[in-house]
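Residue numbers (my numbering): 305 to 679. Step one of this worksheet: look at the structure below.
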């Protein structure tokens, strides 16, 4: 099965290249990457596509886009059928077929062949080396190129310039596809939402659920459709959790609540500054996954401890931050904002969650760690 599908991280590898014996693919992040499983330059289709790419060479500049050709044929190297054109075009040698196997691209073995055949195709990766699109060989090169350019035109460019002071948050685009975002919004609208309260720690250390319109104005809908919840969980497991592991070195094993939140400008739609963990709770990371970022004004995240700038992930993108950070959802001034807002934690935190049962005023909030499905 193909690895690095939409939103999933591409596997790293080390392989020989023309300019060095140990090319680290993990080092190419920071640009969009077209990874071409070409098998051999002796194949008419591969030869024609290589010539086509050379005609588009100006697009491969190592800034916006780079092309990496994966060849399994030693004669390609000996006869220079595939060559590097720096900047932008490089050949990676996979004579044993290990890269193809790593990406689920190994093909059928042909009797008498001196090299392994790959499943022919091209994988487009974003600047974080996550899957964007897959292109088969069953289309003319010019049509493939048009599709590629169309996809790249919709991706926000990487910002350049001096970094500003900001909150320690992780912004990751393309966790949910637009169609899945619309499906979640439709689910909410079909069922409606109820008043959203929050948990407040009292002076005696006990925890109670409260509804206070002066502090929070939001309506929530829990997803009770198991298939829909599973689809959301799988996307987070495959596309978001690996990024959290890489950036924060935290191993997420559990996800709390499958909840669609709605902030409506007609009601103000806000959540005043608060922390999701007072220091004694189980929640470790909060996720705000926007479902319709372009359809409202206001409704941004703000982290007052780190300044007054606001944060908004694009539609389908996630903003991940520590539950210990003070944060707020600013009022929605136009339109309606929808977001998927789970909490993430690990096995040790699950034990804390169960131990905290005694602190809850209402037994309905009691929890047993063994009963929850791990994410």
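We put the CB at the ideal spot given by N, CA and C, even for glycine.
Closest by C-alpha distance to residue i, when choosing among the options
{"i": "residue 512", "options": "421, 482, 600 and 503", "result": "503"}
{"i": "residue 434", "options": "313, 345, 394 and 443", "result": "313"}
{"i": "residue 600", "options": "387, 450 and 570", "result": "570"}
{"i": "residue 500", "options": "532, 575, 471 and 636", "result": "575"}
{"i": "residue 535", "options": "524, 642, 553 and 479", "result": "479"}
{"i": "residue 596", "options": "602, 619, 614 and 589", "result": "619"}
{"i": "residue 367", "options": "391, 348, 381 and 661", "result": "391"}
{"i": "residue 578", "options": "437, 627 and 613", "result": "627"}
{"i": "residue 495", "options": "327, 563, 319 and 598", "result": "563"}
{"i": "residue 621", "options": "593, 638, 644 and 598", "result": "593"}
{"i": "residue 586", "options": "311, 545, 640 and 656", "result": "656"}
{"i": "residue 397", "options": "373, 615, 437 and 337", "result": "373"}
{"i": "residue 548", "options": "515, 481, 650 and 615", "result": "650"}
{"i": "residue 527", "options": "539, 489 and 545", "result": "489"}
{"i": "residue 629", "options": "537, 471 and 645", "result": "471"}
{"i": "residue 487", "options": "532, 362 and 540", "result": "532"}
{"i": "residue 369", "options": "477, 453 and 542", "result": "453"}
Sequence-distant residues of its chain with Cβ nearer than 8 Å to residue i (five each side left out)
{"i": "residue 529", "result": "491"}
{"i": "residue 678", "result": "The pLDDT assigned to residue 678 is 46, lower than 50, so where the model puts this residue is not dependable; a value taken from the coordinates is nonetheless given after this. These residues qualify, in order along the chain: 557 and 558."}
{"i": "residue 360", "result": "449"}
{"i": "residue 342", "result": "350, 353, 354, 373, 374, 375, 386, 422 and 424"}
Residue interval of the beta strand (DSSP E) (run including residue i)
{"i": "residue 492", "result": "It is not in any beta strand (DSSP E) - residue 492 instead sits in the alpha helix (DSSP H) that spans 482-495."}
{"i": "residue 633", "result": "631-633"}
{"i": "residue 342", "result": "336-343"}
{"i": "residue 434", "result": "Neither: residue 434 is in no beta strand (DSSP E) and is coded neither H nor E."}
{"i": "residue 512", "result": "511-514"}
{"i": "residue 524", "result": "523-526"}
{"i": "residue 425", "result": "425-429"}
{"i": "residue 395", "result": "393-397"}
{"i": "residue 503", "result": "502-505"}
{"i": "residue 370", "result": "369-375"}
Own chain, CB closer than 6 Å to residue i, minus 5 neighbours either side, in chain order
{"i": "residue 675", "result": "Its pLDDT being 44, under 50, residue 675 is placed unreliably by the model, and nothing is read from it."}
{"i": "residue 322", "result": "388 and 395"}
{"i": "residue 497", "result": "523, 524, 525 and 566"}
{"i": "residue 279", "result": "The structure shown has nothing for residue 279, since the chain only spans 305 to 679."}
{"i": "residue 664", "result": "511"}
{"i": "residue 484", "result": "none"}
N- and C-terminal bounds of the alpha helix (DSSP H) containing residue i
{"i": "residue 357", "result": "348-359"}
{"i": "residue 653", "result": "651-659"}
{"i": "residue 403", "result": "402-406"}
{"i": "residue 643", "result": "First-last for residue 643: 636-644, but that is the beta strand (DSSP E), not the alpha helix (DSSP H)."}
{"i": "residue 379", "result": "378-382"}
Cβ distance (whole Å) where residue i is taken to contact residue j below 8 Å
{"i": "residue 475", "j": "residue 617", "result": "5 Å"}
{"i": "residue 445", "j": "residue 352", "result": "7 Å"}
{"i": "residue 647", "j": "residue 607", "result": "Not confirmed; about 17 Å, so no contact."}
{"i": "residue 339", "j": "residue 427", "result": "5 Å"}
{"i": "residue 430", "j": "residue 459", "result": "7 Å"}
{"i": "residue 324", "j": "residue 346", "result": "Wrong, their Cβ atoms sit about 25 Å apart, outside the cutoff."}
Close-in-space but distant-in-sequence residues of the same chain around residue i (CB under 7 Å, 5 per side omitted)
{"i": "residue 505", "result": "511 and 582"}
{"i": "residue 643", "result": "565, 592, 593, 594 and 595"}
{"i": "residue 603", "result": "567, 573, 633, 634, 636 and 641"}
{"i": "residue 623", "result": "473, 475, 592, 605, 615 and 617"}
Any non-hydrogen atom of the ligand MN closer than 7 Å to residue i Cβ
{"i": "residue 658", "result": "As for the ligand MN, it is missing from this structure, which has no ligand bound."}
Minimum length 3: unbroken beta strand (DSSP E) runs contained in the stretch 539-585: Within the stretch 539-585, the complete beta strand (DSSP E) runs of at least 3 residues are 558-560, 563-568 and 574-578.
Report the residue ranges of all beta strand (DSSP E) runs contained in full by the stretch 591-627; include only those spanning at least 3 residues, in chain order. You should have 600-602 and 622-626.
Ignoring anything shorter than 3 residues or poking outside the stretch 440-480, list the beta strand (DSSP E) runs there in chain order. Here the runs fully enclosed are 474-476.
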